[in-house]
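What follows is one structure encoded as structure tokens, with my remarks underneath.
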Amino acid sequence: QVRLVESGGGLVQPGGSLRLSCAASGSSFSTVSMGWDRQAPGKQREMVATLSSGGITNYADFVKGRFTISGDTASEQIYLQMNNLKPEDTAVYYCRRLSGLTGIVWGQGSQVTVSS
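Numbering-wise, the numbering used here puts 57 at position 34 of the sequence shown, and it's gapless, one number per residue.
In structure tokens:
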């Protein structure tokens, strides 16, 4: 059974930075991609960034130029560097893993709060 564990969330002032980490355990077969989604109160979950097994990255328009996804899908560890954070970035951030064998799995989530 695949398990994803996030860390690194917290409270930061507008304009500040945070770095999220995600490590997967369990079956590592056929990882297609890993990434980050977020969900703010009263809103739907939305994609933030994705890293494919081939090293291709994809970002939501609202984080381009501010967030950077990195890591290694083969070792199933990814990171999200978040710079110039805004109050609207406040949300629970979920690590996501897509596998051809097990489908999509999410972690338990990490709270990020941007407030002065």
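From the three backbone atoms N, C-alpha and C, an ideal C-beta is built for every residue, glycine too.
Secondary structure of Glu99 (DSSP, three-state): coil. By the CB criterion at 9 angstroms, Leu103 and Leu34 fall outside the cutoff.
Here Gln62 is bridged, per DSSP, to Val115. In the structure shown, the three-state DSSP call for Val86 is helix. Around the beta-carbon of Arg26, fewer than 16 other beta-carbon atoms lie within 10 Å, marking it exposed.
The C-beta distance from Gly130 to Glu29 rounds to 5 angstroms, short enough to meet the 8 angstroms contact threshold. Looking only at Arg119, Lys109, Thr125, the smallest Cα-Cα distance to Val135 is reached by Lys109. By the neighbour-count criterion, in which a residue is buried when 16 or more other Cβ atoms sit within 10 angstroms of its Cβ, Thr96 is buried. By DSSP's assignment, Leu121 forms a beta bridge with Ser56, Ile127.
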